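Engineer: Protein chains in written order, with the working numbering: chain A, 1 to 107; chain B, 1001 to 1114.
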Amino acid sequence: AQRVTQPEKLLSVFKGAPVELKCNYSYSGSPELFWYVQYSRQRLQLLLRHISRESIKGFTADLNKGETSFHLKKPFAQEEDSAMYYCALGSGSRLTFGEGTQLTVNP
Amino acid sequence: DAGITQSPRYKITETGRQVTLMCHQTWSHSYMFWYRQDLGHGLRLIYYSAAADITDKGEVPDGYVVSRSKTENFPLTLESATRSQTSVYFCASSESLWGGTEAFFGQGTRLTVV
Chain A
1 AQRVTQPEKL
11 LSVFKGAPVE
21 LKCNYSYSGS
31 PELFWYVQYS
41 RQRLQLLLRH
51 ISRESIKGFT
61 ADLNKGETSF
71 HLKKPFAQEE
81 DSAMYYCALG
91 SGSRLTFGEG
101 TQLTVNP
Chain B
1001 DAGITQSPRY
1011 KITETGRQVT
1021 LMCHQTWSHS
1031 YMFWYRQDLG
1041 HGLRLIYYSA
1051 AADITDKGEV
1061 PDGYVVSRSK
1071 TENFPLTLES
1081 ATRSQTSVYF
1091 CASSESLWGG
1101 TEAFFGQGTR
1111 LTVV
C-alpha cells in the first residue's frame, strides 16, 4: 500500500532563512509525486510536481528513489510562503496525501 | 463558471442524521476524490472514482457512501452522522493520475456533527 509521511507538523523559520519540508513515501511502483499548498482561506493548489523538475515561487523538490524522499526546498524563505504544505503520491487511481506541514515564516 | 464546487460550505447536523455533501465539476474529469482534513491527520482519502459508476474505498471509508451516476457529480453521504465525522471535507477532480496531471480542489465543506 502507498503511504506518504511528513515528519514535521510545524516548521518555523525566519525570513531569508533556508527552508526544507521533508516528505518520505512508500510505494512499490513508479511514483508520481507532488507538493500541494494551502494558503490561509484559499483552496488547496498544486505547487510543483516531480515530473516537471520545475521551480515554482523559488521552491524545488528532487525525487530521491534510493531514499524514497521528495523533500521541498527553498533557499530564502519569504513571509508569503507561510501556509500548509502537503506532499502527495499518485498511484493507480488514488492520490494519497501526507499529514501536512504548517510552515510559518517570521519577519 | 468552470471549476469544481462543493455545497454546502457549512453544515451543522445532529448525531444520527443522514447528510449529503455535493461536489460538481465542469471539466468532465475522469477522476474524483473525497478527502477529510483533520488536525494532525492531514488529508485522508475517503472514496475515489476513476469514472462514472466506478468507485472505490480509500483510507477511511467507514460510515460514508458515494455514488457517481454522472461524470460531473460525486456526492458523499454520511448515512448516520457521528461526532467523529466532524471535519472539513474536500472534493477534488483530475483528468488523469499520470504525467504529473494536477488535481483541482473544491473550497471545502465544514461539517459539524452535534
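We put the CB at the ideal spot given by N, CA and C, even for glycine. The structure displayed is predicted, hence computed values, not measured ones.
1. Report buried or exposed for Ile-1012 (chain B), applying the criterion of at least 16 other Cβ atoms within 10 angstroms of its Cβ.
2. Is it right to say Ser-1049 (chain B) is buried, meaning 16 or more other beta carbons lie within 10 angstroms of its own, or is it exposed?
3. In terms of residue numbering, what span does the beta strand (DSSP E) encompassing His-1024 (chain B) cover?
4. In angstroms with no decimal places, state the Cα-to-Cα distance between Asp-1062 (chain B) and Ala-17 (chain A).
5. By Cβ distance below 8 Å, which residues in the same chain neighbour Ala-88 (chain A) in space, the five residues on each side in sequence not counted?
6. Gly-92 (chain A) to Glu-1102 (chain B), Cα distance in whole Å?
7. Who are the near neighbours of Pro-1008 (chain B) in its chain, counting only those whose CB is closer than 7 Å to its CB and skipping five residues on each side?
8. Would you mind reading off the limits of the beta strand (DSSP E) that contains Val-13 (chain A)?
9. If we count Cβ pairs, one from each stretch, closer than 8 Å, do we get three or more for the region 10–28 of chain A versus the region 1059–1079 of chain B?
10. If you measure between the beta carbons of Gly-90 (chain A) and Leu-1097 (chain B), is that distance less than 7 Å?
11. Would you check if the distance between the CB atom of Thr-101 (chain A) and the CB atom of Leu-21 (chain A) is smaller than 7 Å?
12. Taking the DSSP output, what are the residues bridged to Thr-1086 (chain B)?
Structural biologist: This is what the structure holds:
1. Translated into the one-based positions of the second sequence, residue 1012 (chain B) becomes position 12. Ile-1012 (chain B) is exposed by the Cβ-count criterion.
2. In the second sequence, residue 1049 (chain B) corresponds to position 49, counting from 1. By the neighbour-count criterion, in which 16 or more other beta carbons inside 10 Å mark a residue as buried, Ser-1049 (chain B) falls on the buried side.
3. Position 24 of the second sequence holds residue 1024 (chain B). It spans 1019–1025 - the beta strand (DSSP E) in which His-1024 (chain B) sits, taken as one unbroken run.
4. In the second sequence, residue 1062 (chain B) corresponds to position 62, counting from 1. In the first sequence, residue 17 (chain A) corresponds to position 17, counting from 1. Their Cα atoms are separated by approximately 43 Å.
5. Here residue 88 (chain A) refers to the residue found at position 88 of the first sequence. Within the same chain, and ignoring the five residues on either side of Ala-88 (chain A) in sequence, the residues whose Cβ sits closer than 8 Å to its Cβ are Val-4, Leu-33, Phe-34, Trp-35, Tyr-36, Leu-95, Thr-96, Phe-97 and Gly-98.
6. Position 92 of the first sequence, counting from 1, holds the residue named residue 92 (chain A). Position 102 of the second sequence, counting from 1, holds the residue named residue 1102 (chain B). Whole-angstrom Cα-Cα distance: 15 Å.
7. Taking the first residue of the second sequence as position 1, residue 1008 (chain B) is located at position 8. Its chain contains Thr-1109 as the residues whose beta carbon lies nearer than 7 Å to that of Pro-1008 (chain B), once the 5 sequence neighbours on both sides are disregarded; these appear in chain order.
8. Along the first sequence, one-based indexing puts residue 13 (chain A) at 13. Note, Val-13 (chain A): beta strand (DSSP E), 10–14.
9. Contact between the region 10–28 of chain A and the region 1059–1079 of chain B is absent, with fewer than three C-beta pairs closer than 8 Å.
10. Within the first sequence, numbered from 1, the residue matching residue 90 (chain A) stands at position 90. Within the second sequence, numbered from 1, the residue matching residue 1097 (chain B) stands at position 97. Against a cut-off of 7 Å, the Cβ pair of Leu-1097 (chain B) and Gly-90 (chain A) comes out as a contact.
11. In the first sequence, the residue the question calls residue 101 (chain A) occupies position 101. In the first sequence, the residue the question calls residue 21 (chain A) occupies position 21. Cβ atoms of Thr-101 (chain A) and Leu-21 (chain A): closer than 7 Å.
12. Walking along the second sequence from the start, residue 1086 (chain B) turns up at place 86. DSSP lists no partner for Thr-1086 (chain B).
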